[in-house]
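With the numbering used here applied, the sequence shown corresponds to residues 839 to 1320, in that order.
Note sheet for the following structure.
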Amino acid sequence: MDRPLQSRAPRRRGLRPTLHRRHPAMPMSIKPPGLRQPAAALLPQPAVESGPDSPAGWRSESGSSPTSLKLRGAELPQSMPPHAGSTPSIFDVRRSIFPVLPLITLLLAACDKPQPAGTTPPPAAKAPPALTDWPVTRGGPQLQGRVAAALFPAPAIEWTHDLGAPCVAEAAVAEGAIVVGDVMGNIHCIDLATRKPCWTHETGDTIQAAPAISNGRVFVGSGDESFLALDLKTGDKIWSVQGGEKFSSAASIVTAPGGSAEWVLVNGYDGITRCLLARDGSEVWTYKTDDYINGTPAVIDGRLVAFGGCDKVIHVINLADGKLVNEVVTDAQITNSVATSGTTIYCGNHANQVIATEAEAESLKWIYQPGDFPFFTAPAVDDAHVYIGSRDKSLHAIQRSDGKPAWTFKTGGRVESSPLAFDDAIVFGSSDGRLYAANPADGTELWRLDLGEDLTASPVYARGRLIIGGGKGTLFVIAPSK
């Protein structure tokens, strides 16, 4: 049975102080008791110092473009030329020329609607069990981007598959299959063992979201405003739900509180969070926001759902019924997924900030604001750090305890590929066409692999392999070098 949207009175943009919490039971036009001053005026703004692992000029849009494959200090000749970088912005990707623009450029353009003018160490991030598959985005519903395993010391391309169109989203890997979408609206299934295509399902518009795989089904949204459940073996449609706008959010798969039913959580560009029965797509509940949502819903403690949106708000709602629990208003749009560890939420935004906040607390933990470039990727978290990519061409490592900078890693292009946090390495792609691995302790480079294609998609790890799609339509499967 359909249930009414959980909605609120329209926001009065620009009238509320930035980065404050709003009591969920209070009318939106009334200031709750004890309302803080803007957090930017209260929290120290860390300054990143240049060093051997944080080159001078890291805030500059210009930068060097390394051209060699480096494996733990060894310099090897690089046969592939440096990547040319990102491409001009387009909207109608089905009629565009290749290479396609990075996905994040699409999200930025979509969000640019006219707008009126002393801590204790955090609890250890609970690492997931070592994965043989990667069935859902960021490795699980907490969206940590964490892999409880060591990374291989040197990479090699094991095999590739031509998707026929650029890829800007994560793949999913489960039940012996790789499932990934492309910007021409095709969903591909490739057999991981035989390396042969199993099926292709065509939708009406670009696929910007990672698929999710569960119990023999593939759940994925499309730019044609439909969210689909497909049969993993055949690619046939089982059910679909029509939204008011496109779906660029990947789905989270959860078990219903106190029950055995499987639920699918997905956000839409129509500003609605939907909780659907995985069995038939019927609606459990919906929650309405004021603007587009790009990021995937994160699940906290099996009871809360958290995400950010283009309304500049981090929303925390009840998993059981979709009702509002808490909100935090930030300074700018949030165009990717949050990450969570325990009850702490981490995210980047277009105000060049990374924010840490407790799901139900009355104050922020910290703000990291190093420079003049926005953060577009989803964060990854481990016990010590938050890792996030920026358009300043760098990956930033931030101390989880206090939000102070740990290190930055400079690349030759924008970092719009969300990182993976291994036990001994951080892996991420860059628009310079290279896949990088850095030491999580100090940011020193472990290796780099030039793939020759813009890497806006995020890497995944399954069956001992890294898998990532490229901006020219190649799906790369990367294994330990022999």
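The C-beta atom is built at its ideal place from N, Cα and C for all residues, glycine as well.
Source: prediction; values computed, not measured.
Have a look at the options and flag the residue whose alpha-carbon is nearest the alpha-carbon of residue i.
| i | options | result |
| --- | --- | --- |
| residue 980 | 1180, 1149, 1126 | 1180 |
| residue 1103 | 1123, 1150, 1233 | 1123 |
| residue 1167 | 1161, 1145, 1160, 1083 | 1145 |
| residue 1006 | 1090, 1265, 1023, 1237 | 1023 |
| residue 1043 | 1275, 1161, 1084 | 1084 |
| residue 1169 | 1206, 1142, 1161, 1037 | 1206 |
| residue 1227 | 1253, 1239, 1218, 1235 | 1253 |
| residue 1220 | 983, 1121, 977 | 983 |
| residue 1250 | 1056, 1093, 1238, 1272 | 1272 |
| residue 1053 | 1216, 1289, 1093, 1159 | 1093 |
Just to confirm my understanding: we take residue i, look at its own chain, exclude 5 residues before and 5 after, and list those with CB closer than 8 Å. What are they?
| i | result |
| --- | --- |
| residue 970 | 1300, 1301 |
| residue 1318 | 990, 991, 992, 993, 994, 1302 |
| residue 1322 | Absent from the structure is residue 1322, since the part of the chain shown begins at 839 and ends at 1320. |
Measure the alpha-carbon distance for residue i versus residue j and round it to whole angstroms.
| i | j | result |
| --- | --- | --- |
| residue 1031 | residue 1016 | 10 Å |
| residue 997 | residue 1027 | 15 Å |
| residue 1296 | residue 1201 | 32 Å |
| residue 1035 | residue 1293 | 22 Å |
| residue 1222 | residue 1258 | 14 Å |
| residue 805 | residue 1012 | Limits of the chain in this structure are 839 at one end and 1320 at the other, which puts residue 805 out of reach. |
| residue 1097 | residue 1262 | 37 Å |
| residue 1229 | residue 1074 | 39 Å |
| residue 1209 | residue 1243 | 12 Å |
| residue 1014 | residue 1199 | 42 Å |
| residue 1211 | residue 1148 | 17 Å |
| residue 1041 | residue 1282 | 42 Å |
| residue 1240 | residue 1183 | 14 Å |
| residue 1065 | residue 1114 | 10 Å |
Below 8 Å between beta carbons: does that hold for residue i and residue j?
| i | j | result |
| --- | --- | --- |
| residue 1051 | residue 973 | yes |
| residue 1171 | residue 1187 | yes |
| residue 1255 | residue 1246 | no |
| residue 1087 | residue 1136 | no |
| residue 1163 | residue 1151 | no |
| residue 1111 | residue 1091 | no |
| residue 1304 | residue 1018 | no |
| residue 1079 | residue 1045 | no |
| residue 1010 | residue 986 | no |
| residue 1140 | residue 1108 | no |
| residue 1039 | residue 1001 | no |
Got a sec? Which residues, its chain only, sit under 7 Å from residue i by beta carbon, not counting five neighbours each side?
| i | result |
| --- | --- |
| residue 1138 | 1144, 1178, 1181, 1197 |
| residue 1284 | 910, 1263, 1275, 1276, 1277 |
Quick one: what's got a C-beta closer than 6 Å to residue i's C-beta in the same chain, skipping five residues either side?
| i | result |
| --- | --- |
| residue 950 | Confidence is the limiting factor: at residue 950 the pLDDT is only 47, short of 50, which leaves the residue's position unreliable, though a coordinate-based value still follows. The answer is none, since no qualifying residue turns up. |
| residue 1265 | 1258, 1275, 1297 |
| residue 1315 | 996, 997, 1303, 1305 |
| residue 1127 | 1109, 1147, 1149 |
| residue 1129 | 1109, 1147, 1148, 1149 |
| residue 1156 | 1163 |
Beta strand (DSSP E) runs wholly inside the segment 968-1026, at least 3 long, in chain order: Within the segment 968-1026, complete beta strand (DSSP E) segments of at least 3 residues are found at 993-1000, 1010-1012, 1015-1019, given in chain order.
Note down, one range per segment and in chain order, each beta strand (DSSP E) of at least 3 residues found wholly within the segment 1088-1132. Taking 3 residues as the shortest admissible run, the segment 1088-1132 contains the following complete beta strand (DSSP E) segments, listed from N- to C-terminal end: 1090-1093, 1100-1105, 1110-1115, 1121-1126.
Please give the ranges of any beta strand (DSSP E) in the segment 1216-1255, keeping only runs that are unbroken, at least 3 residues long and fully inside the region. Listed in chain order, the complete beta strand (DSSP E) runs (minimum 3 residues) inside the segment 1216-1255 are 1223-1227, 1232-1237, 1243-1248.
Beta strand (DSSP E) runs contained entirely in the segment 1246-1311, provided each spans 3 or more residues: Listed in chain order, the complete beta strand (DSSP E) runs (minimum 3 residues) inside the segment 1246-1311 are 1264-1267, 1272-1276, 1283-1288, 1298-1300, 1303-1307.
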